[in-house]
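Protein sequence lines correspond, in order, to chains A and B.
Sequential numbering from 1 applies to the first sequence in UniProt numbering.
Sequential numbering from 1 applies to the second sequence in UniProt numbering.
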Amino acid sequence: MADSGGTAAVRRCDSGSVSSIGMDTISALTELEDLERVYQQLCDGEKEVEAKLDRLVAQEGNIHTKMLALQRMGPNLQLIGGDASQLSGMITFTCSLAENVSRKVRQLDLAKTRLYNVIQRTDDILDLKFCTDGVQTALHNEDYEQAAAHIHRYLSLDQSVIELSRQGEESSAVDASLVLLQEAEQKLKVIVAEKLDEAVAAVDLAQVERFFKIFPLLGLHQQGLARFGQYLCSQLASKAEENLILATGGDLGEKRAQLIFADTLTLLLEGIARVVETHQPIVETYYGLDPIWTHSMMKSVPGEIIEPRELDPVLSEVTLMNARAELYLRFLRRRIMADFEVGDIQKHQQNMEKLLKHCLLSTNMQELIGYYIPMEEYYMRESVNKAVAMDTYEKGQLTSSMVDDCFYIVKKCISRALSSSSIDCLCAMINHANSVLESDFREVLYNKLRQGFPATTLQDIQRNVSSAVILMQSSLQQGKFNTLGIESTENAKAAFLVTLNNVEVCSENITTLKRNLENDCSKLFSQTGGSGDQAKIESCLSDLVNTSTKFKDLLQEGLTELNTTAIKPQVKPWISSFLAISHNIEEEEFNDYEANDPWVQQLIINLEQLMTEFKMALSPVIYDTLTSLMTSLVSIEMEKTVLKCSFSRLGGLQFDKELRSLVAYLTTVTTWTIRDKFARLTQMATILNLERVTEILDYWGSNSGPLTWRLTPAEVRQVLALRIDFRSEDIKRLRL
Amino acid sequence: MSMEDYDYLFKIVLIGNAGVGKTCLVRRFTQGLFPPGQGATIGVDFMIKTVEIRGEKVKLQIWDTAGQERFRSITQSYYRSANALILTYDITCEDSFRCLPEWLREIEQYANNQVVTILVGNKIDLAEKREVLRQKAEDFAESQSMLYLETSAKESDNVEKLFLDLACELIREAKQNKLDNTDSAPMPGEGKAISYLSCCSLN
């Protein structure tokens with residue numbers, strides 16, 4: 001070890017920093033310095049080597065202990081090696097075992113499947129045989145339900161299995177069964193179809209339903225439904241025809257049939273699609289009847305001139321038919337909706353609405369309504385014309401017969417349109433009614449008013465006695481006393497007043513009609529809904545309001561006319577007679593006036609007389625409006641007249657007294673407040689009653705208190721100037 | 001009535017052959033929709049749109065009528081109260097144009113004299129299928145003293161303009177009427193014998 005250490009050391013020296021200090025080099029050294037340096041180097045090397053050796057020796061113990069530990073582990077390792085090889089053996093064994101087991105399971109599984117197939121086939125073959133036998137016996141016994149059940153069973157067998165069975169050993173037997181079954185199926189189909197036809201022909205509902213139920217079992221859903229539909233159609237057709245012959249409106253039959261049809265359908269059919277599919281052909285063929293109906297009805301209504309009353313039953317029938325059709329559609333809608341899945345209601349609903357709206361029944365009913373509307377309009381217009389032509393007026397009545405008659409007709413026509421349950425029909429009739437009222441009927445009333453209120457009144461005749469006398473004389477000369485002139489005048493007056501009442505009642509009636517229709521419609525809508533429809537009706541109804549307003553306007557115009565022609569010419573001279581009564585008076589005359597009223601009492605009597613005639617003949621509302629017009633007229637005329645007079649202090653007092661009497665009287669004849677209309681006059685009286693000019697200031701401006709002056713300062717001055725005892729300088733000096 | 005929130009209320013009725021696009025025009029204007037596969041209208045449909053024209057609120061009541069013959073008696077009942085009629089045809093359908101004189105006869109018979117009628121050629125989006133030349137339609141409209149406009153409900157061309165122009169025209173006429181009326185109406189209490197004739201005249 002030391003040797004190896006020495007060589008190592010030497011080698012280290014060789015490769016060390018000292019450049020090749022070999023023996024040769026040393027022996028070649030001659031100089032002491034060199035030797036010492038080399039020696040030093042060698043000493044350093046030796047020290048280094050020694051240190052290394054020390055370190056290596058120190059490791060020896062450590063290595064020794066490790067060697068010992070290794071020696072102790074030896075037997076353990078041998079044990080582990082044995083265990084490991086044993087485990088490997090076991091795993092190999094288990095693996096092969098598992099493979100074995102799984103192969104066996106697979107085999108078992110296969111065996112099981114085959115077994116099942118065998119059982120299935122056996123079952124099928126048994127079933128087939130059973131069906132074959134069953135069908136034969138059932139057919140023999142005429143137990144068609146049973147036979148159909150067997151066929152149904154056969155049809156539901158897996159066709160491939162049957163095919164497979166045929167390839168087996170028993171192919172001939174199976175073949176025979178199959179042939180038998182197919183024969184039986186065909187036979188049964190033919191029989192069932194025949195029987196159904198027979199039952200249909202015999203109108204035996206129980207049998208029809210019996211065979212109808214068999215059809216789906218034979219896989220003939222469509223055919224069965226078609227046949228059943230045909231049956232129902234023919235049923236309905238004959239019933240409807242019967243009813244038509246009996247003229248009892250076949251709606252009852254229709255309704256009942258609908259229910260049977262629907263009940264049977266719900267019993268037998270599942271699935272919306274099919275329901276819709278089935279409904280439509282049946283509905284369409286069924287209601288293929290309607291054109292026949294319409295036709296027969298139209299035939300009974302030849303063009304030319306028709307007595308409106310004859311239309312009555314036809315119109316009622318048409319609306320009833322439409323109402324029934326609407327009811328039927330509503331029923332269908334409800335039924336179909338009930339069948340829809342909750343999820344896709346909206347989509348279905350749209351389709352359904354489209355279907356229902358455009359189905360033949362709807363189209364036919366729309367056409368029918370299309371015919372109905374002009375007929376109803378004709379009926380309404382003609383009846384109203386008739387009511388106008390037959391108009392009578394009984395004394396003591398405010399209105400004449402045509403107003404009641406006309407509204408009776410209009411109401412009847414609209415109610416009938418309403419009873420059709422068709423919103424468009426109702427709207428159209430409201431429009432027409434509006435047109436009849438606003439144009440035709442209003443025109444009639446308008447023309448009557450246009451003839452005007454005859455200007456010649458009794459008073460006129462009295463005033464023009466001379467001319468009247470001449471008239472009478474001429475009449476007498478002709479040998480007869482002609483009162484015709486006066487009589488016809490009276491008639492014309494009455495006619496005018498009655499017409500005014502008529503106009504007012506019309507306006508009222510239209511409002512009532514609108515209100516009632518609103519109620520009726522809201523009832524209708526609680527059943528059908530449809531906000532769009534409601535808006536439509538509301539809009540049509542609101543036109544009625546406009547018409548009512550037009551009648552009100554007409555009334556106003558008529559009253560203005562009456563006021564202008566009958567009241568104004570009378571009242572004007574009565575008031576201007578005030579001018580003839582001097583109000584420039586002293587004590588004596590004032591007292592005299594007190595004893596013998598010079599003017600106002602006569603005016604009141606005259607007004608009373610004038611208005612009595614109208615009070616009797618006009619409705620309270622109109623009379624009140626007329627009185628109001630009269631009152632305004634009086635106040636305007638009074639004002640004009642007063643401004644043309646001159647007053648003394650007592651004259652002012654006299655005027656105040658007169659005005660108070662007049663206002664007190666007028667207050668009793670009208671429900672309107674007339675204080676307002678006479679406010680200006682009252683203020684004029686106040687001014688005319690002043691002691692001095694400056695006294696006005698006690699009432700003017702900040703001193704006016706609750707009084708609101710209706711006179712302008714200029715007017716106040718003008719009135720003050722009427723007092724002969726007021727000096728114009730004082731008036732001018734006033735600060736107002 | 002006066003309580004409601006508008007200055008003018010006009011009734012506009014759309015008429016014309018079936019399938020020319022009346023419902024689509026109304027839908028486009030009132031709802032901004034072009035519903036494809038629109039089914040035929042049953043009877044009449046009713047829509048409302050309020051527009052503002054020069055600061056005035058104008059409520060348009062639009063009645064969309066069915067073009068099919070069997071609804072004619074229903075639709076006719078709306079003519080009389082209409083302020084304006086939109087007579088519509090389909091520029092790709094010569095037939096619908098040829099029927100116009102028939103429609104004009106209807107208007108003559110049922111509508112009031114003051115009604116404003118506008119002729120509308122719809123479906124200009126289908127320019128390649130055009131069967132009625134614009135010039136021809138314009139000449140016809142002029143001969144009948146109607147306004148004329150071509151529209152596309154599908155592309156929303158001129159639809160807004162159609163209704164707004166109409167509303168402007170109606171406002172203009174309403175103002176004119178008001179002026180006429182106040183001119184001739186008698187002052188209350190004034191002695192104009194039977195002067196109320198003028199403002200009650202039934203055209």
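Every residue gets a Cβ at the ideal spot worked out from N, C-alpha and C, and that includes glycine.
Please read all numbers here as calculations on a predicted model, not as lab measurements.
- Here DSSP, grouped into helix, strand and coil, assigns Q570/A to helix.
- Nearest neighbour of V505/A by Cα position, chosen from G45/A, T137/A and L618/A, turns out to be L618/A.
- About 15 Å separates the Cβ atoms of E169/B and N158/B, ruling out a contact at the 8 Å cut-off.
- The beta carbon of I74/B sits closer than 7 Å to those of G43 and V44, all from its chain and outside the five residues before and after it, given in chain order.
- Looking at K154/B, Q76/B and K161/B, the one whose alpha-carbon comes closest to that of L14/B is Q76/B.
- In the assembly as shown, V192/A is a buried residue. Its beta-carbon has 16 or more other beta-carbons within 10 Å.
- Straight-line measurement puts the Cα of E52/B at about 6 Å from the Cα of V58/B.
- Distance from the CA atom of L497/A to the CA atom of K448/A, rounded to whole angstroms, is 10 Å.
- Between N122/B and G67/B, the C-beta gap is not smaller than 9 Å, which leaves the two residues out of contact.
- Remark: C-beta atoms of T499/A and L445/A approach each other more closely than 9 Å.
- Taking the Cα positions, E608/A is about 12 Å away from Q570/A.
- A distance below 6 Å between beta-carbons, with the five flanking residues on each side excluded, links E31/A to no residue of its chain.
- Not a single C-beta of chain A is nearer than 9 Å to the C-beta of I15/B.
- Within the region 364-391 of chain A, the residues whose Cβ lies closer than 7 Å to any Cβ of chain B are, in chain order, Q366, E367, G370, I373 and P374.
- Annotation: the continuous alpha helix (DSSP H) that includes E729/A extends over S728 to R733.
- Close partners of G43/B in chain A (Cβ separation under 7 Å): D424.
- Judged by DSSP in its simplified three-state form, L60/B adopts strand.
- Put simply, the backbone Cα of V120/B is about 28 Å away from that of T363/A.
- One alpha carbon belongs to L517/A, the other to I409/A, and they sit about 15 Å apart.
- Within the DSSP bridge table, the entry for T65/B names V44/B as partners.
- Taking 9 Å as the threshold, the shortest C-beta distance from H140/A to chain B does not fall below it.
- By the CB criterion at 9 Å, A167/B and Y6/B fall outside the cutoff.
- DSSP lists no bridge partner for I430/A.
- Pairing L722/A with L643/A gives a Cβ-Cβ distance under 9 Å.
- Counting other Cβ atoms within 10 Å of its Cβ, E557/A reaches 16 or more and is therefore classed as buried.
- For A153/B, the three-state secondary structure derived from DSSP is coil.
- The Cβ atoms of K411/A and L513/A sit closer than 9 Å to each other.
- With 16 or more other Cβ atoms inside 10 Å of its own Cβ, N83/B counts as buried.
- Beta-bridge partners assigned by DSSP to K49/B: L60/B.
- Within the region 154-177 of chain B, not one residue has a Cβ closer than 7 Å to any Cβ of chain A.
- With distances taken between CA atoms, F163/B lies nearest to L85/B out of S96/B, R80/B and L85/B.
- Residue environment for G134/A: buried (at least 16 other C-beta atoms within 10 angstroms of its C-beta).
- For F10/B, the enclosing beta strand (DSSP E) starts and ends at Y8 to I15.
- If you draw a straight line from the Cα of E46/A to the Cα of G81/A, it is about 50 Å long.
- Within the region 50-101 of chain A, there are no complete alpha helix (DSSP H) runs of at least 4 residues.
- For L85/B, the enclosing beta strand (DSSP E) stretches over residues A84 to D90.
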